[in-house]
Amino acid sequence: MLAALTSVDLIKLAIIGPLFFMLAPLFGLWLKDKPRWQLGVFGLMCFMTLNGLLGPGNWGLTLGSIEEYRGHTKGYHFFFNHALAIALIVAKWREDRESFRWAPPGLVWFLFYCGVSMISIVNAVDKNLAYMAAHKTIFASVLMIATFNTLRTEADLKFFLRVMILTLAWELFVCLKMKYLGHMYQVRGTFEHQNPLAMYSLLIAMVFLAVGLGPQFKGVNLLLLGFGFCAIIIECTLSRGALVMFALGTMGTIGLSLFEKVTTRRLLVTAVMGIVGSIGLVLALDSIISRFHDQGNQASGELREVMKDASREMQRDYPLGSGWNNYGLLINPPYRYAEIYYDWYRSRGQKPDLTKANGLVESHYYLLIAENGYIGLWAWLAVIGVGLWRNARAYLFFGHSFIRCVSLGIFMGCALNYVQSTLERVLVQPRNLMLWLILLGITARIEVMRREAKQRLREKSGGQT
């Protein structure tokens, strides 16, 4: 790796090393026994998942950057909020080593997926690209560890939700600015593309809605406002898949909330949301209809199938995977998989542009099949399956409560993202990966709460459940 670094990379390395491995731990030592400061740092860590202020940015440093590459990882990324996560980990570890956990529930499954994915490096044409993907994915797990060890009580979880309301409020401001002042058709906010922004918003929107419909507490109505922020952002993106998922997720979350317990608040909020949603739909209907009737929709759908064909070919040639993060390399000349794309262009009467790089397969699952083989796909399904099961189990275990609603929201938001991943590879995008791992950290904390509550019930019943 060092031999490939440019002089600019060496300067970045001189910054990254002290920041991540000296200053962040020292800052963590200073944070020890300062709970308010820790929550403040955690809030900043969450806000910085946006990775931009008024547009797409890079709150971090990248070594070995290859921006012209169309794969899902283009360098060795060191995001600044990862440094904040390291500081929080050090602070919590120094405070209470007995209750601190380096491996929250679910992390071992995630690291197992990363390890299985790295088996594909044996077939990688460019092994450096595989190392980049491994670095991005494994390093991001510090967010899960920091979240699990920082958020320990219901009050901490409510603080997280308030932070995310402010985060989405800022993102909404950026989106409205782009739409009405920049006259952008499909708004991308601080993201590189509108689809990841839409799915990021959808992921947290279901948590806002589920908790907002739950038992009352101070500030609960702000969560419904946050849900409204997410709805407007998704409408601004005009992402077809996200619009459909948002509608289904909203109905599903409301339905499960009413199934769990019918309350006057839930009925009233549902009625108000129906009225407000109808008005909003009427105002945005022209744009939504126009988006669903775009002339490029049919061609886009056909190209998705061509990309899947290329993935199948790679899997047949490389059962263990063609190499993590190598798909973007293999679907271009001189490799034969490029012809799968070019044949499609020729079938449409078009001449392939050999100077333009072919795109990456949109489906996350087909990307896994191509790059990591079926073993990588099954490992990924195990990760997401365990997370969904733990949230479903918490929803069934806890009574009508704040925690039950948080579990419902995470379950629904994640499930929608997993379904949409058949069309969009959003969870390999750094911002979406960050928020998802934070929610997995919360899932792990709720799982520990469930185990502790179950243990108390055993003790109370004299060892019988």
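Count along the sequence shown from 1, then add 2; that gives the number in my numbering.
By construction, the Cβ of each residue, glycine as well, lies at the ideal position given by its N, Cα and C atoms.
None of the values given here were measured: they were computed from a predicted structure.
F162 has its alpha-carbon roughly 29 Å from the corresponding atom of R242. Counting only residues of its own chain and dropping the five nearest sequence neighbours on each side, P321 has a CB closer than 6 Å to the CB of G375. Of the residues assessed, H74 falls on the buried side of the cut-off, its CB having 16 or more other CB atoms within 10 angstroms.
Between N434 and the set Q196, F44, V10, the nearest pair of CA atoms involves Q196.
H195 sits in coil when the DSSP states are folded into three classes, being neither helix nor strand. Annotation: the stretch 92-151 contains the following complete segments of the alpha helix (DSSP H) (minimum length 4 residues), in chain order: 109-119, 129-141. Every alpha helix (DSSP H) of 4 residues or more that sits fully in the stretch 361-432 is shown, in chain order, as 366-399, 404-422.
Under DSSP, T64 takes part in a beta bridge, and its partners are H79. A Cβ-Cβ separation of about 46 Å leaves V127 out of contact with L258 under the 8 Å criterion. Put simply, the stretch 442-457 touches the stretch 102-110. At least three CB pairs are less than 8 Å apart.
In this structure E364 is not in contact with M436, their Cβ atoms being roughly 21 Å apart against a cut-off of 8 Å. For T265, no alpha helix (DSSP H) run applies, since DSSP gives it neither H nor E. Taking each of G191, L410, Y78, F231 in turn and checking the Cα distance to I140, the smallest one comes out for Y78. Within the same chain, Cβ atoms closer than 6 Å to the Cβ of M316 are found at S324, A372, the five residues on either side in sequence being excluded. Put simply, the stretch 421-430 touches the stretch 230-248. At least three CB pairs are less than 8 Å apart. Under the 8 Å Cβ criterion, the stretch 405-414 does not count as touching the stretch 179-196, having fewer than three qualifying pairs. Boundaries of the alpha helix (DSSP H) around Q40: 37-49.
Between F82 and G62, the gap from beta carbon to beta carbon is short of 8 Å.
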